[in-house]
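Using the UniProt record's numbering, read the sequence shown as starting at 1 and increasing by one per residue.
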Amino acid sequence: MAVKIDQKIKGYSVVSQEDRAREAKAAAAARDAEAAATPGANVIQMHEKIERPETLIGSTYKLKTPLFEHALYVTINDIVLNAGSEHEQRRPFEIFINSKNMDHFQWIVALTRIMSAVFRKGGDVTFLVDEMKAVFDPKGGYFKAGGVYMPSLVAELGSIVEDHLKAIGMMHDPEMSAEQRALIAEKRAAYAALDSKKNAEISPAPAPAAEGSVLRDDRSGQLFPEPRISDAPRDEDVEVTGDGGVAFPPSATMCHKCSTKAVVIMDGCATCLNCGYSKCG
Numbered sequence: 001m002a003v004k005i006d007q008k009i010k011g012y013s014v015v016s017q018e019d020r021a022r023e024a025k026a027a028a029a030a031r032d033a034e035a036a037a038t039p040g041a042n043v044i045q046m047h048e049k050i051e052r053p054e055t056l057i058g059s060t061y062k063l064k065t066p067l068f069e070h071a072l073y074v075t076i077n078d079i080v081l082n083a084g085s086e087h088e089q090r091r092p093f094e095i096f097i098n099s100k101n102m103d104h105f106q107w108i109v110a111l112t113r114i115m116s117a118v119f120r121k122g123g124d125v126t127f128l129v130d131e132m133k134a135v136f137d138p139k140g141g142y143f144k145a146g147g148v149y150m151p152s153l154v155a156e157l158g159s160i161v162e163d164h165l166k167a168i169g170m171m172h173d174p175e176m177s178a179e180q181r182a183l184i185a186e187k188r189a190a191y192a193a194l195d196s197k198k199n200a201e202i203s204p205a206p207a208p209a210a211e212g213s214v215l216r217d218d219r220s221g222q223l224f225p226e227p228r229i230s231d232a233p234r235d236e237d238v239e240v241t242g243d244g245g246v247a248f249p250p251s252a253t254m255c256h257k258c259s260t261k262a263v264v265i266m267d268g269c270a271t272c273l274n275c276g277y278s279k280c281g
């Protein structure tokens, strides 16, 4: 393309290949210096080209469901990025599921490989939790220990992944206010007092048991070897410990807000002893 020169030429020089190489090298050095001066520029983020180190940090979770006779063992291994720096972070790298039950071996292997590929891809992998917990079994779900409803086995696997991501800091629970915690504690104490009073009114004093004998609770059918946990048999007890620290009365129904079997009738109103939800507002 022709260029018209409107001014007098005062000087000129010929640019050689070496000159161009020197200019490119100087520009690259300037970019590197600028990147080094920028905070967080050298922070390594998770991406699929990161090679697997020889050793990974892992956690194994035991999953026992009424669907299988044998338990499932879910292992999630993490990689530590930027170790020893202020930007150190732990990210999931791979997942394995092992069990004596081989009925669902094919889809379990496929699921773990896909999830491991997503983990290595990097970015926000927390969407896996929502996708897995939204899977429903057409045959119906089940309640796991503690009264939490699981719509499917895949949903419980998603719950385990959620717990792991919370443990390594990728997900965070919405903080419950002090007022809400106090309300839940008050509801539990009130229900415990109400239940104890009701049992005291309907239960006669137990006859003394012979030494070494075993007492039977006529209402629950459970055996209580000596020494007895309580002097009077009771139908329900909200203080029993279980998964998550608290188990709720057997007659409780599921709360649609927290999916926990913890809704009881108090003062003529359905109240959740887990999250504090009340149908009466």
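Even for Gly, the Cβ is constructed at its ideal location relative to N, Cα and C.
- With a cutoff of 8 Å on beta-carbon distance, S59 and H164 are scored as near each other.
- Bridge pairing for V74: Y61, I97 [DSSP].
- DSSP places A145 in the coil class of the three-state scheme, outside both helix and strand.
- The alpha-carbon of K139 is positioned some 14 Å away from that of F68.
- By the Cβ-count criterion, T55 is exposed, with fewer than 16 other Cβ atoms from all chains shown falling within 10 Å of its own Cβ.
- Counting only the Cα atoms, M266 lies some 49 Å from R120.
- Here V80 is actually not in contact with I160; their C-beta atoms are around 21 Å apart, not less than 8 Å.
- For F136, the closest of E86, A155, G123, A29 by C-alpha to C-alpha distance is A155.
- For I114, the enclosing alpha helix (DSSP H) starts and ends at 105 to 121.
- Judged by DSSP secondary structure, I5 falls outside any beta strand (DSSP E); it is assigned neither H nor E.
- Across the set L273, R20, N82, F105, the C-alpha of L273 shows the shortest separation from the C-alpha of Q180.
- According to the DSSP assignment, A262 belongs to the beta strand (DSSP E) that extends over 261 to 266.
- At a Cβ-Cβ threshold of 8 Å, K62 and F143 do not count as neighbours.
- Nearest to I50 by alpha-carbon distance, out of R20, E94, A21, A27, is E94.
- An exposed status is given to M102, since fewer than 16 other beta-carbon atoms sit within 10 Å of its beta-carbon.
- Within a 10 Å sphere around the beta-carbon of G268 sit fewer than 16 other beta-carbons, which makes this residue exposed.
- The straight-line gap separating the alpha-carbon atoms of M254 and F105 is approximately 32 Å.
- In this model, S278 and A182 are separated by some 15 Å (Cα to Cα).
- Counting the other Cβ atoms within 10 Å of the Cβ of V14 gives fewer than 16, which makes it exposed.
- Taking the CA atoms as reference points, R91 sits about 19 Å from M132.
- Less than 8 Å separates the beta-carbon of V129 from that of E162.
- Counting other Cβ atoms within 10 Å of its Cβ, L153 reaches 16 or more and is therefore classed as buried.
- Pairing F248 with G158 gives a Cβ-Cβ distance that is not under 8 Å.
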